[in-house]
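A.B. asks:
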């Protein structure tokens, strides 16, 4: 997978998190990485033009879709330019010289702790688990306190580069665990845009989101029928409470095909007449 080098990329910080690793994988040569406190801040940096692009997590194969990312995609004036996967490999680390049998507390981001639940239960059944804002926040804490009885779960790729003791590196409950990330850019999807980068093969994929103005029986089935009659395959369907109006829902769909293809153009035109809002989130 080869991508064009990007001047500035906004990511969910701090440095050395999985989002940081994903940005490095996506952009390659980054002249400036902007670390943000939240996913919403990443979108704000891109929409305002302070960052050329942003990289955010979209979905984890175990824990599902990142809700904040979907909400921001729908609200903000940005679009997806690439989608790619990052394998999740955690390591249990501690202060240099620390030993497994001395560990009584383990800290990390809540998802990292959950993804290593079986390992922790087997090897550290009495350890106290502490949640932190990020995996690297956990590491910074144990290093700052010089506590050899405390361990942290952080990305293995980062652990190899740090001055720490790697107590274990195959600790993820599901070795196939991976997270899907997307790269976003300011503005709507340009007309006649080529498909962006992705790790799949074959036809390009398009992501859309839409919301109905009023609830009525059969409204959603009419949307499905448009795709079925055009023989367009839907690869992902999901709904979320609307970030713009209480009591309403936004439907997110991925389908095989390009929005500039004749049959797809017709389907999107027909759908736009049936919904209150339709947004093309990206082509990749």
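In our numbering, the protein residues as written are 4 to 287. The C-beta atom is built at its ideal place from N, Cα and C for all residues, glycine as well.
(1) Excluding the five sequence neighbours on either side, which residues of its own chain have a C-beta within less than 6 Å of the C-beta of residue 76, listed in chain order?
(2) Since residue 98 and residue 20 should fall inside the 8 Å C-beta cutoff, what is the C-beta to C-beta distance between them, to a whole number of angstroms?
(3) How should residue 74 be labelled, buried or exposed, when 16 other C-beta atoms within 10 angstroms of its C-beta is the threshold for buried?
(4) For residue 36, list the residues DSSP reports as bridge partners.
(5) Give the C-beta separation of residue 273 and residue 191 to the nearest angstrom, bearing in mind that I take them to be a contact with Cβ-Cβ under 8 Å.
(6) Can you tell me whether residue 16 is buried or exposed, with buried defined as 16 or more other CB within 10 angstroms of its CB?
(7) Do the region 161 to 171 and the region 87 to 97 make contact, defined as three or more Cβ pairs closer than 8 Å?
(8) Per DSSP, residue 42 is paired with what?
(9) What's the call for residue 128, buried or exposed, on a 16-neighbour Cβ count within 10 Å?
(10) Going by other Cβ atoms of all chains shown within 10 Å of its Cβ, with 16 needed for buried, is residue 116 buried or exposed?
(11) Apply the 10 Å Cβ neighbour rule to residue 35 and answer buried if 16 or more other Cβ atoms are within range, or exposed otherwise.
(12) For residue 122, which of helix, strand or coil comes out of DSSP?
(13) If you measure between the beta carbons of residue 153 and residue 109, is that distance less than 9 Å?
(14) Among 52, 60, 50, 277, which residue has its Cα nearest to the Cα of residue 14?
(15) Which runs of the beta strand (DSSP E) at least 3 residues long sit entirely within the region 151 to 186? Give them in chain order.
(16) Alpha carbon to alpha carbon, how far is residue 86 from residue 215? Give it in angstroms, no decimals.
(17) What's the call for residue 23, buried or exposed, on a 16-neighbour Cβ count within 10 Å?
(18) Output the distance between the C-alpha atoms of residue 150 and residue 65, rounded to the nearest integer angstrom.
(19) Which term fits residue 248, buried or exposed, when burial requires 16 or more other beta carbons within 10 angstroms of its beta carbon?
(20) By the three-class DSSP mapping on this structure, what secondary structure does residue 47 have?
(21) Answer yes or no: does any C-beta atom of chain B fall closer than 9 Å to that of residue 47?
(22) Starting from the Cα of residue 70, find the closest Cα among 54, 254, 126 and give me that residue.
(23) Since I believe residue 183 is in contact with residue 286 (beta carbons under 8 Å), could you give me their beta-carbon distance rounded to a whole number of angstroms?
(24) Thinking C-beta only, is residue 223 closer than 9 Å to residue 230?
(25) Would residue 156 pass as a contact of residue 131 if the rule is Cβ separation under 9 Å?
(26) Between residue 211 and the rest of its own chain, which residues show a CB-CB distance below 7 Å, the 5 nearest in sequence each way excluded?
(27) By DSSP's criteria, residue 134 is part of a beta bridge. Which residues make up the other side?
(28) Would you kindly report the start and end of the unbroken beta strand (DSSP E) that includes residue 241?
C.D. replies: Quick answer:
(1) Your numbering for residue 76 matches position 73 in the chain shown. Answer for residue 76: 284, listed in chain order.
(2) Residue 98 sits at position 95 when you count from the first residue of the chain shown. Residue 20 sits at position 17 when you count from the first residue of the chain shown. Not confirmed; about 21 Å, so no contact.
(3) In the chain shown, residue 74 corresponds to position 71, counting from 1. So residue 74 counts as buried.
(4) For this step, residue 36 is matched to residue 33 along the chain shown. Its beta-bridge partners are 12.
(5) Against the chain shown, residue 273 aligns to sequence position 270. Against the chain shown, residue 191 aligns to sequence position 188. 20 Å between Cβ atoms; not a contact.
(6) Working through the chain shown from its first residue, we reach residue 16 at position 13. By the neighbour-count rule (16 or more Cβ atoms within 10 Å), residue 16 is buried.
(7) yes
(8) The residue given as residue 42 occupies position 39 in the chain shown. None; residue 42 has no bridge partner.
(9) If you number the chain shown from 1, residue 128 lands on position 125. That one is exposed.
(10) Counting from 1 along the chain shown, the entry for residue 116 is found at position 113. Buried is the call here.
(11) Locating residue 35 in the chain shown gives position 32, where the first residue counts as 1. Burial is judged here by how many other beta carbons sit within 10 angstroms of a residue's own beta carbon; residue 35 has fewer than 16 and is exposed.
(12) Translated into positions along the chain shown, residue 122 becomes position 119. Helix, per DSSP.
(13) Taking the chain shown and counting its residues from 1, the one referred to as residue 153 is at position 150. Taking the chain shown and counting its residues from 1, the one referred to as residue 109 is at position 106. Yes, the pair counts as a contact, with Cβ atoms nearer than the cut-off.
(14) Locating residue 14 in the chain shown gives position 11, where the first residue counts as 1. Residue 14 has its Cα closest to that of 60, out of 52, 60, 50, 277.
(15) 153 to 158, 168 to 171
(16) Taking the chain shown and counting its residues from 1, the one referred to as residue 215 is at position 212. Taking the chain shown and counting its residues from 1, the one referred to as residue 86 is at position 83. Rounded to whole angstroms, residue 215 to residue 86 spans 27 Å at the Cα level.
(17) Stepping through the chain shown from its first residue, residue 23 is reached at position 20. By the neighbour-count rule (16 or more Cβ atoms within 10 Å), residue 23 is buried.
(18) Numbered from its first residue, the chain shown carries residue 150 at position 147. Numbered from its first residue, the chain shown carries residue 65 at position 62. Rounded to whole angstroms, residue 150 to residue 65 spans 32 Å at the Cα level.
(19) Position 245 of the chain shown, counted from the start, is the residue given in the question as residue 248. It counts as exposed.
(20) Residue mapping note: residue 47 aligns to position 44 of the chain shown, counting from 1. If DSSP states are grouped into helix, strand and coil, residue 47 belongs with the helices.
(21) This model lacks chain B altogether, as it is built from one protein chain only.
(22) Here residue 70 corresponds to residue number 67 of the chain shown, with the count starting at 1. Considering only alpha carbons, the answer is 254.
(23) Working through the chain shown from its first residue, we reach residue 286 at position 283. Working through the chain shown from its first residue, we reach residue 183 at position 180. Not quite, the Cβ-Cβ distance comes to about 16 Å (not below 8 Å), so this is no contact.
(24) Sequence index remark: in the chain shown, residue 230 carries index 227 (1-based). Sequence index remark: in the chain shown, residue 223 carries index 220 (1-based). The Cβ atoms of residue 230 and residue 223 do not sit closer than 9 Å to each other.
(25) Here residue 156 corresponds to residue number 153 of the chain shown, with the count starting at 1. Here residue 131 corresponds to residue number 128 of the chain shown, with the count starting at 1. It is not a contact, given that the beta carbons lie outside the stated cut-off.
(26) Counting from one through the chain shown, the residue named residue 211 turns up at place 208. Once the five neighbours on either side are set aside, the close Cβ partners of residue 211 are 256, 281, 282, 283, 284.
(27) Looking up residue 134 in the chain shown gives position 131. According to DSSP, which records beta bridges pairwise, residue 134 is partnered with 111.
(28) Start at 1 with the first residue of the chain shown, and residue 241 comes out as number 238. Per DSSP, residue 241 belongs to the beta strand (DSSP E) from 237 to 244.
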